[in-house]
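Chains as they are written, first to last, in the working numbering: chain A, 987 to 1176; chain B, 80 to 349. Don't be surprised by glycine CBs; every beta carbon is placed ideally from N, CA and C. Written below as structure tokens is the structure these notes are about.
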């Protein structure tokens, strides 16, 4: 039900998510921010029930801060993604986190990257991705439109196409979307 | 006076010293010398093999050099049995890190992990400290080539060139005078030999008592290897000529046995 999408462009990564927090037939909130900022250059878009998403996000965030304090180093996006996957995998056969994640980050050495993780602890580095019902609608748009080295305007246009598609064809009404971008200058909202 | 305060590792003396830790450091000063030198394109580690008896079977591996992970190696001075425990701790820590992060463990973190473990034996449990000092040499993408020394107290520090074990003061003073951080690995190897020759007894210095490990990078990969044949040992005799006449460095039995031992291990690991 939550829509989370991400796309990698030339030197940046955009993560977009809808803003409706809802369960069953009730909408709690129309301006929910589902994209967590983990340290200055990683974005984590999450889908799932708030209990698990906030629990998991805070756990990862605090562990990453601890790592930074202890080691005077920031974790790379690749390391962070694998750390998250390891946590999801360990919890899977005890008390799973029902959260699907798109981790977008920018590293000086590796550039922008996007990782697709799901609640069964899959992990894959991707150029674009989507979670939830939305993936049925938007992945085909990404497949057709994505190319290497997208500019910000091009990426924005693709995301807009996806949002338009969802608002036309997806059963659930998701009027508002939040877009965040991470690049060499850090994180900002679009 | 120190007698009253030195039997328990976990008690300070009135002067504020931990005698057990200091005694452990003393134990290392009887061990074979080890040298580490940071060059601009790699790190050289060298060690003196102390031959205890002619009846000893030739070692399968090395008693001084230990590979901790693909990008970190170490040389040991002190009690070998104690060293084995710590080496294992370091290796497990390195693999655990890759298990979690899918990336090689930054060198300083590995050193810190071993040192924190050593420190716990100076503060609680009533067990004696480890009688080992390490020289850790490694490369990571954060800080490049790094050389660290750690001692039984659990302290560690980064060095450009240093020396542990027997006669390390003599070695360190030589390094202070002659170390040049702009040289490459080849020059650093020659300096390492010079240091070891100075710290060993002049009469007993010979090629089969030395072993080396050179850490460099080829492209993206860190390589740990003994000095290779192509390295310009143009007049090897000159490096040892003042102590052991006409003994070339790379050729003889034990150092090539070391080379072969390590080479075959490395190739079998692939």
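{"query": "Meets three-Cβ-pair contact criterion under 8 angstroms: the region 249-262 of chain B and the region 182-200 of chain B", "result": "no"}
{"query": "Cutoff 8 angstroms: residue 258 (chain B) Cβ touching any chain A Cβ", "result": "no"}
{"query": "Contact set between residue 1027 (chain A) and chain B, taken where Cβ atoms lie within less than 7 angstroms", "result": "The premise fails here: residue 1027 (chain A) is roughly 15 angstroms from chain B at the closest Cβ pair, so nothing lies under 7 angstroms."}
{"query": "Positions along the region 158-182 of chain B whose CB lies within less than 8 angstroms of some CB in chain A", "result": "178, 179, 180, 181, 182"}
{"query": "Strand pairing of residue 194 (chain B), partner residues [DSSP]", "result": "BP columns for residue 194 (chain B) are empty, so no partner."}
{"query": "Neighbour list for residue 52 (chain B) in chain A, Cβ cutoff strictly below 7 angstroms", "result": "There is no way to answer for residue 52 (chain B), as the model of chain B reaches only from 80 to 349."}
{"query": "Runs of alpha helix (DSSP H) wholly within the region 201-274 of chain B (minimum 4 residues, chain order)", "result": "247-257"}
{"query": "CA nearest to the CA of residue 992 (chain A), picked from A:1044, A:1140, A:1088, A:1065", "result": "A:1088"}
{"query": "Span separating the alpha-carbon of residue 1079 (chain A) from that of residue 1145 (chain A)", "result": "35 angstroms"}
{"query": "Residue 83 (chain B), enclosing beta strand (DSSP E) - first and last residue", "result": "Taken as a continuous stretch (DSSP letters only), residue 83 (chain B) belongs to no beta strand (DSSP E), as it is neither H nor E."}
{"query": "Beta-carbon spacing of residue 1107 (chain A), residue 1066 (chain A) below 8 angstroms", "result": "no"}
{"query": "Within-8 angstroms CB hit, residue 1072 (chain A) to chain B", "result": "yes"}
{"query": "Close beta carbons around residue 1131 (chain A), own chain, < 6 angstroms, minus the five adjacent residues each side", "result": "1144"}
{"query": "Close beta carbons around residue 195 (chain B), own chain, < 7 angstroms, minus the five adjacent residues each side", "result": "233"}
{"query": "Local conformation of residue 288 (chain B) per DSSP, three classes", "result": "helix"}
{"query": "Inter-residue spacing [alpha-carbon to alpha-carbon] between residue 237 (chain B) and residue 225 (chain B)", "result": "7 angstroms"}
{"query": "Burial state of residue 1033 (chain A) (16 or more Cβ within 10 Å)", "result": "buried"}
{"query": "Buried versus exposed, by CB contacts within 10 Å (16 or more), residue 999 (chain A)", "result": "buried"}
{"query": "Per-residue contacts from residue 1016 (chain A) into chain B (C-beta, under 7 angstroms)", "result": "Those do not exist, as residue 1016 (chain A) stays about 38 angstroms from chain B at its closest Cβ, beyond 7 angstroms."}
{"query": "Contact list for the region 184-206 of chain B against chain A, Cβ threshold 7 angstroms", "result": "185, 188"}
{"query": "Distance CB(residue 241 (chain B))-CB(residue 251 (chain B)) smaller than 8 angstroms", "result": "yes"}
{"query": "For residue 275 (chain B) and residue 321 (chain B), the rounded distance between their alpha carbons", "result": "With a pLDDT of 26 at residue 321 (chain B), under the threshold of 50, the modelled position of that residue is not reliable, and no figure is offered here."}
{"query": "Burial state of residue 180 (chain B), where buried means 16 or more other Cβ atoms lie within 10 Å", "result": "buried"}
{"query": "Best match in B:269, B:210, B:219, B:173 for proximity to residue 114 (chain B) [C-alpha to C-alpha]", "result": "B:269"}
{"query": "Inter-residue spacing [alpha-carbon to alpha-carbon] between residue 1127 (chain A) and residue 1148 (chain A)", "result": "7 angstroms"}
{"query": "Pick from A:1121, A:1056, A:1006, A:1099 that is closest to residue 1111 (chain A), judged by C-alpha positions", "result": "A:1099"}
{"query": "Residues of the region 1045-1061 of chain A with Cβ closer than 9 angstroms to any Cβ of chain B, in chain order", "result": "1056, 1057, 1058, 1059, 1061"}
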